[in-house]
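Residue numbers for the sequence shown follow full-length UniProt numbering, so the first one is 1 and each next one is one higher.
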Amino acid sequence: MTQPSTITQRFLSKPNQLGVVAVGFNGGQCKLGVEAAPMALIEAGLLTQLKDDLDYEIHHDDTVHFYENLIPAEDPDHRGMKKPRAVSAVTERLSQQVYEHAREGKFVLTLGGDHSIAIGTVSGTAKAIRERLGREMAVIWVDAHADLNTPEMSPSGNIHGMPMAFLTRLAREDRRDIFGWLQDEHTINLRKLVYIGLRDVDRGEKQLLREHGIKAFSMHDVDRYGIGKVVEMALAHIGNDTPIHLSFDVDGLDPQWAPSTGTPVRGGLTLREGDFICECVHETGNLIAMDLVEVNPSLESLGASETIRAGCSLVRSALGDTLL
Ligand SMILES: NC(=[NH2+])NCCC[C@H](N)C(=O)O
Ligand SMILES: [Mn+2]
Ligand SMILES: [Mn+2]
Numbered sequence: 001m002t003q004p005s006t007i008t009q010r011f012l013s014k015p016n017q018l019g020v021v022a023v024g025f026n027g028g029q030c031k032l033g034v035e036a037a038p039m040a041l042i043e044a045g046l047l048t049q050l051k052d053d054l055d056y057e058i059h060h061d062d063t064v065h066f067y068e069n070l071i072p073a074e075d076p077d078h079r080g081m082k083k084p085r086a087v088s089a090v091t092e093r094l095s096q097q098v099y100e101h102a103r104e105g106k107f108v109l110t111l112g113g114d115h116s117i118a119i120g121t122v123s124g125t126a127k128a129i130r131e132r133l134g135r136e137m138a139v140i141w142v143d144a145h146a147d148l149n150t151p152e153m154s155p156s157g158n159i160h161g162m163p164m165a166f167l168t169r170l171a172r173e174d175r176r177d178i179f180g181w182l183q184d185e186h187t188i189n190l191r192k193l194v195y196i197g198l199r200d201v202d203r204g205e206k207q208l209l210r211e212h213g214i215k216a217f218s219m220h221d222v223d224r225y226g227i228g229k230v231v232e233m234a235l236a237h238i239g240n241d242t243p244i245h246l247s248f249d250v251d252g253l254d255p256q257w258a259p260s261t262g263t264p265v266r267g268g269l270t271l272r273e274g275d276f277i278c279e280c281v282h283e284t285g286n287l288i289a290m291d292l293v294e295v296n297p298s299l300e301s302l303g304a305s306e307t308i309r310a311g312c313s314l315v316r317s318a319l320g321d322t323l324l
């Protein structure tokens, strides 16, 4: 186990203070139901567990944000992107909410929502880290997908497949109402991004991963080296003096463990492997924020409670729960 760096300790000035943002947003993709996930996770007892079992002091406004007043009536496609103004307005607002928690030194937990919301969460923590520590943070992205499509490359036009492209500036858009609000302070250095669990990566995304030498551990690597070695290599790439934002797409898990998600892909992580990633990232002492996204309780209704339980388990593990 690496020692928590003083840099991160300085940032998380209140290590047991947890800012929670519940984001009932589904506009980054086309299936209904993912907006109900935050309520389902909370009703399953997630926040109570974090408070009672892990001793967090929870700062939550007791609302699930649907951002109804930010969703425009007219939102025509732009560069092939679907609902670009809605996603932009919601993530801009979310970025501010996350930033406000993070700048006070709280750990920020965001419950999505589809993965487009990471444009808001990651930009918010990246800005707070730059401001408070004068440095760049790292992102660990656990997912079956790379979510690195530029609008032009995207096979679907769904923005939940693009957040990393906008966050790293591989994709840019100058229109203020379509992600033009993203400033340099919000962005992520490509060398500070690490993927785990990939197994459904589009052609253009593969090319970007190769071209830019982005650190990515696919399921092939998990099979070859085992999850222990993969996490060790991922953390070694980041180094132990860098704050980490963990963005966990529940479809990183195999559908056997998380069937209720919009874009399931077979051959994924076991729940135990997912929990192990979260436990190890917690052990670094450098984790400053986590997103849990793409739980869709209305899909595969038989598996919904299983998926919700898996989601709760991942969050608990990232926040310090241990088996012993
Ligand atoms: N966050 C997710 N589940 N993303 C799935 C993306 C699927 C596909 N690569 C696309 O861009 O449309
Ligand atoms: Mn995914
Ligand atoms: Mn994703």
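In this text, a Cβ means the ideal position worked out from N, Cα and C, and glycines have one as well. Source: prediction; values computed, not measured.
Check                                                                                                            : Outcome
Among T91, A234, P255 and G19, nearest to E306 - alpha-carbon criterion                                          : P255
V162, enclosing beta strand (DSSP E) - first and last residue                                                    : Before going further, note that residue 162 is Met rather than Val in the sequence given. It is not in any beta strand (DSSP E) - M162 carries neither H nor E in the DSSP assignment.
Distance, L133 Cα to E205 Cα                                                                                     : 31 Å
Delimiting residues of the alpha helix (DSSP H) encompassing H281                                                : The question names His, yet the displayed sequence has Val at residue 281. From DSSP, the alpha helix (DSSP H) with V281 extends over L271 to E283.
Three-state class that DSSP yields for K31 in the structure shown                                                : coil
For Q17, the residue or residues it bridges with in DSSP                                                         : E57
Those runs of the beta strand (DSSP E) which lie wholly inside the region 93 to 175 and span at least 3 residues : 107 to 111 and 138 to 142
G161: CB within 6 Å of a non-hydrogen atom of ligand 1                                                           : yes
Where the beta strand (DSSP E) containing D249 begins and where it ends                                          : I244 to D249
Distance, E279 Cα to L167 Cα                                                                                     : 26 Å
D251 beta carbon near ligand 2 (any heavy atom closer than 6 Å)                                                  : yes
Any non-hydrogen atom of ligand 5 within 6 Å of D143 CB                                                          : Absent from the structure shown: ligand 5. Ligands present: ligand 1, ligand 2 and ligand 3.
Three-state class that DSSP yields for I227 in the structure shown                                               : helix
H220 Cβ short of 6 Å to ligand 3 heavy atom set                                                                  : no
Contact under 7 Å by Cβ, T8 with N286                                                                            : yes
DSSP bridge partner residues for V64 (one or two, in chain order)                                                : A22
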